[in-house]
Amino acid sequence: MSGKTRLLFRRLGELGAQYYNAPYRAAIARAKRDEEDLFMLLVFAEMMGVPNPATWSTLELQPLLMDRFHDWHTRMGMERSPLDHFRCC
Amino acid sequence: MSAIVLLLLGLGGMAAGYLFYSRFIASRIYKLDPAFRTPAHEFEDGVDFVPTNRFVLWGHHFTSVAGAAPIVGPAIAVIWGWLPAFVWVVLGTVFFAGVHDSGALWASVRNRAKSVGALTGEVVGYRARTVFMIVIFLVLLMVNAVFGVVIAKLLINNPGSVVPVWGAIAVALIIGQLIYRRIIGLGLVSVLGVIALYSLIYVGPQVPVTLPEQVMGLSANASWILLLFAYAAIASLLPVWVLLQPRDYINGLQLFVGLILLYGAVLIGNPQVVAPMINNDVPAGTPSLLPLLFVTIACGAISGFHGLVASGTSSKQLDKEPDARFVGYFGAVGEGALALAAIIAATAGFATLADWQAVYTAFGNGSLSAFVNGGANILAGGTGMDVGVAATLLTVMAALFAGTTMDTGLRLQRYIFQEWGEIYQQKWLTRPLPATLLAVASCLLLAFGAGGADGSGGLLIWPLFGTTNQLLAGLTLLVITIMLVKRGRPAIYTLAPLVFLLVMTLYALLIQLKSFYDQSDWFLLGLDLVVLVAALLVTLECAAALKRAFSAPPENI
């Protein structure tokens, strides 16, 4: 296959993928966010008084997830950070 | 007369509409501007707002608006003869649908990609938005009820299609997993999916499935309707990537394959149109052509549903403003081409006039079955395919379209119920399951309420569906017209279709009101009254808003 045809096929493949994915991008992004919200709850569970047997493992994730913390608590309907010792806003 | 003449005249007319009229509308009326920064660029977020290649966007737009409705309407309306349906589909596509669809895109793009519903609230008024919500709910309710009835009828008329119709769902489920988990690439999946689907279609007629005559006191028809709604309810609750996304994709492929096959078979087989040009001998009880033709064929000539798709999703992905012409107007042309195929199948797919008359014995007869049987004869004549396989192919195509519309429709109806739950503080109603059950219950009530215990008369509400759909289109045209008036541009190109639609809709509702009263059909009479009230509200809103717009000096936008 010459270079040109290969390029054409790749372009067609990209367009096909767009055709498949575009109508559902929003719905899938929302589902992914819901999943991540649940994950946030698991990671920060202990801080809110919910016992979590996996705290030992999730504790070291907390600093990594700090970036998303503000978005998360506002999305969950809490205007201010729910944690006493943890102020983000 | 040869069907090729019909095909060439129809496609030629719509092509001329796209080349000349849409160019005029785009450059002189909407003044689409390549330098305008579209919302897809302004708010680009990689999720909702993504500048998309116009061919891809057209593909979506076309496959989301084209479904079973542009087949059902024309296949019922040919009862008045082929000419009225043909003229309304071609002229409707050129002067109504194309202008409406590209206009909805333009209006939305110029208003931060808001949906027609939100635009109605903003441009026309808060009251109009409430009317809009009610009209949308009615449209969804009717389309779901009618499609449940229609698919059940198809499955009973063609038992060979049961295996491929339900098997297609299994194929979609597998495709969805393969793509989502990135097991194999999209190209290979598409080829395998199409092969699997068409093998099922080939095998189907050899393993016909029929439901027992009576199950727990329910007729076979009623059992199918219940099964279909159970399926639609489950499908509308599943995550979209599991079923809806791959099935939409297969449907899109099917649509193109089906259209190419049908048009190809007409060109090769050269079938003759046996139906009369104008049917002077309509069966007793058929309502008069004027105004009923204009609400029987909604999708295929002009449909409000397109405005929802155009302003809801397509406008957020429009790369350049002038693309609105290709995506919106040419999308309408695609739908017109599907309606034209339905007209040809339902008029040229019969051997003699007597055969045709044997199908069209009453208003509402024919519909999808006429399309399937007529289309199968044309396919068999043109390609040498077995008639049974051809009929199964078209049944699967029609049933998949209608099925997708059903579960999307139920999903949307559920959202409306959930929203009402929030507005009226009913916590239980905001959850997906109760809201879905309520949506299903309302559709079933309509399907059985209109057709008796076996649910066979559901097609009686088809013209009512057309009316509500036209009302929706009227509201969109109103938004566009007011935007044009505010900019000091000629408004006649959207105002004339708007007035025509409202007059025909009101007229049709009154005629039907009388006929339901004469038949003492109180259920449909009540439904007609509800739609009539909505229609009057829309008309009053239009009059008031236009008066305001015309009396205000043009703004410099």
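Quick mapping for you: the protein sequence lines, in order, are chains Z and G. Sequential numbering of the first sequence, starting at 4, is according to my numbering. Sequential numbering of the second sequence, starting at -8, is according to my numbering. Don't be surprised by glycine CBs; every beta carbon is placed ideally from N, CA and C. Just so we're clear, the structure is a prediction, and the values are computed from it rather than from any experiment.
Inset, instruction - Tell whether a beta-carbon distance below 8 Å holds between ILE288/G and ALA76/G. - result: Yes, these two residues count as a Cβ contact at 8 Å.
Inset, instruction - Give the DSSP bridge partners of VAL206/G, in chain order. - result: Beta-bridge annotation (DSSP): VAL206/G is paired with LEU209/G.
Legend entry - TYR117/G classed as buried or exposed, judged by whether at least 16 other C-beta atoms fall within 10 angstroms: Exposed, by the Cβ-count rule.
Legend entry - Any C-beta of chain Z under 8 Å from that of TYR484/G: Contact with chain Z is absent for TYR484/G, since none of that chain's Cβ atoms lies less than 8 Å from the residue's Cβ.
Legend entry - GLY295/G and LEU463/G closer than 8 Å at C-beta: Against a cut-off of 8 Å, the Cβ pair of LEU463/G and GLY295/G comes out as a contact.
Legend entry - Cβ separation of ALA367/G and ALA382/G, assumed to be a contact under 8 Å, to the nearest whole Å: Going by Cβ atoms, the distance from ALA367/G to ALA382/G rounds to 4 Å, so yes, they are a contact pair.
Legend entry - Per-residue DSSP class, three states only, for SER550/G: The structure shown does not extend to residue 550/G, since chain G is modelled only from -8 through 548, so no value can be given for it.
Inset, instruction - Evaluate ALA221/G with the Cβ neighbour count: other Cβ atoms within 10 Å of its Cβ, from every protein chain shown; 16 or more gives buried, anything less gives exposed. - result: Classification of ALA221/G: exposed, given that the 10 Å Cβ count is below 16.
Inset, instruction - Verify the CB distance criterion: does PRO230/G have a CB-CB separation below 8 Å to chain Z? - result: Answer yes: the Cβ-Cβ gap between PRO230/G and chain Z drops below 8 Å somewhere.
Legend entry - Burial state of ALA353/G, where buried means 16 or more other Cβ atoms lie within 10 Å: With fewer than 16 other Cβ atoms within 10 Å, it is exposed.
Inset, instruction - Quick one: measure Cβ to Cβ for ALA17/G and SER93/G, integer angstroms, because I've assumed they're closer than 8 Å. - result: So it is a contact: roughly 7 Å between Cβ atoms.
Legend entry - 8 Å contact criterion, which GLY365/G and LEU329/G should meet: CB distance rounded: The C-beta distance from GLY365/G to LEU329/G rounds to 15 Å, too long to fall under 8 Å, and the pair is not in contact.
Legend entry - Beta-bridge pairing of THR43/G - partner residues as DSSP gives them: For THR43/G, which the question treats as bridged, DSSP gives the partners LEU309/G.
Inset, instruction - Apply the 10 Å Cβ neighbour rule to TRP453/G and answer buried if 16 or more other Cβ atoms are within range, or exposed otherwise. - result: Answer is buried; the Cβ neighbour count reaches 16.
Inset, instruction - Name, please, each residue of chain G whose Cβ falls closer than 8 Å to the Cβ of GLY16/Z. - result: Per Cβ cutoff of 8 Å: GLY176, LEU177 and GLY178.
Inset, instruction - Tell me, please, whether the stretch 181 to 197 of chain G touches the stretch 383 to 397 of chain G by the rule of three or more beta-carbon pairs shorter than 8 Å. - result: The count of Cβ pairs closer than 8 Å, one atom from the stretch 181 to 197 of chain G and one from the stretch 383 to 397 of chain G, reaches three, so the stretches are in contact.
Legend entry - Segment contact flag, the stretch 396 to 406 of chain G with the stretch 419 to 433 of chain G, C-beta cutoff 8 Å, min 3 pairs: In short, these stretches touch, since the Cβ pair count reaches three.
Inset, instruction - Between the Cα of PRO155/G and those of GLU33/G, PHE138/G, PHE439/G and LEU188/G, spot the shortest distance and give me the residue it belongs to. - result: Comparing alpha carbon positions, the residue from GLU33/G, PHE138/G, PHE439/G and LEU188/G closest to PRO155/G is LEU188/G.
Inset, instruction - Would you verify that the beta carbon of GLY19/Z is, or is not, closer than 8 Å to some beta carbon of chain G? - result: With 8 Å as the cut-off, GLY19/Z counts as an interface residue toward chain G.
Legend entry - Beta-ladder partner(s) of GLN263/G, from DSSP: In the DSSP output, where bridge partners are listed per residue, GLN263/G has SER(-7)/G.
Inset, instruction - Step through the CB atoms of chain Z and report whether any lies within less than 8 Å of the CB of ASP398/G. - result: No, ASP398/G does not count as interfacial toward chain Z.
Legend entry - CB-CB length for GLN409/G against LEU420/G, believed under 8 Å: That pair is a contact at about 7 Å.
Legend entry - Segment limits, alpha helix (DSSP H) that includes ALA390/G: From DSSP, the alpha helix (DSSP H) with ALA390/G extends over 378 to 414.
Inset, instruction - Return the CA-CA distance between PHE138/G and LEU283/G, expressed in angstroms with no decimal places. - result: Roughly 20 Å between the two C-alpha positions.
Legend entry - Endpoints, the alpha helix (DSSP H) within which ASP37/Z is located: ASP37/Z -> alpha helix (DSSP H) spans 28 to 46.
Legend entry - GLU546/G (DSSP reduced to helix, strand or coil): DSSP places GLU546/G outside both helix and strand once states are collapsed to three, so it counts as coil.
Legend entry - GLY255/G classed as buried or exposed, judged by whether at least 16 other C-beta atoms fall within 10 angstroms: That one is exposed.
Inset, instruction - Using alpha carbons as the reference points, say which of GLN245/G, LEU466/G, LEU0/G and ILE251/G lies closest to VAL552/G. - result: This structure leaves residue 552/G out entirely; chain G is present only between -8 and 548.
Inset, instruction - Over the uninterrupted alpha helix (DSSP H) stretch that includes ARG14/Z, give me the two end residues. - result: It spans 6 to 24 - the alpha helix (DSSP H) in which ARG14/Z sits, taken as one unbroken run.
Inset, instruction - Identify, in the order they occur along the chain, each residue of the same chain with its Cβ nearer than 6 Å to the Cβ of LEU219/G, setting aside the five sequence neighbours on each side. - result: Closer than 6 Å at Cβ, skipping near neighbours: GLY139 and ILE142.
Legend entry - Integer-rounded CB distance, given that PRO237/G should sit under 8 Å from ILE502/G: With 8 Å as the limit, ILE502/G and PRO237/G do not qualify as a contact, their Cβ atoms being about 43 Å apart.
Inset, instruction - Find out if the Cβ-Cβ distance for the pair VAL107/G, ALA315/G is shorter than 8 Å. - result: With a cutoff of 8 Å on beta-carbon distance, VAL107/G and ALA315/G are scored as not near each other.
Inset, instruction - Pull up the CB-CB distance for ALA20/Z and VAL41/G, whole angstroms please, since I reckon it's below 8 Å. - result: Between VAL41/G and ALA20/Z the Cβ distance is about 13 Å, and since that is not below 8 Å, they are no contact.
Inset, instruction - Using a Cβ cut-off of 8 Å (strictly closer), state whether THR571/G contacts chain Z. - result: Any question about residue 571/G goes unanswered here, given that chain G covers just -8 to 548.
Inset, instruction - For VAL380/G, collect the residues of the same chain with a Cβ closer than 7 Å to its Cβ; drop the 5 residues on either side in sequence, then sort them by chain order. - result: So the list reads ILE192, TYR193 and PRO196, once near-sequence residues are dropped.
Legend entry - Proximity of LEU516/G and HIS91/G at Cβ, strictly below 8 Å: With respect to the 8 Å criterion, LEU516/G and HIS91/G are not classified as neighbours on the basis of their beta carbons.
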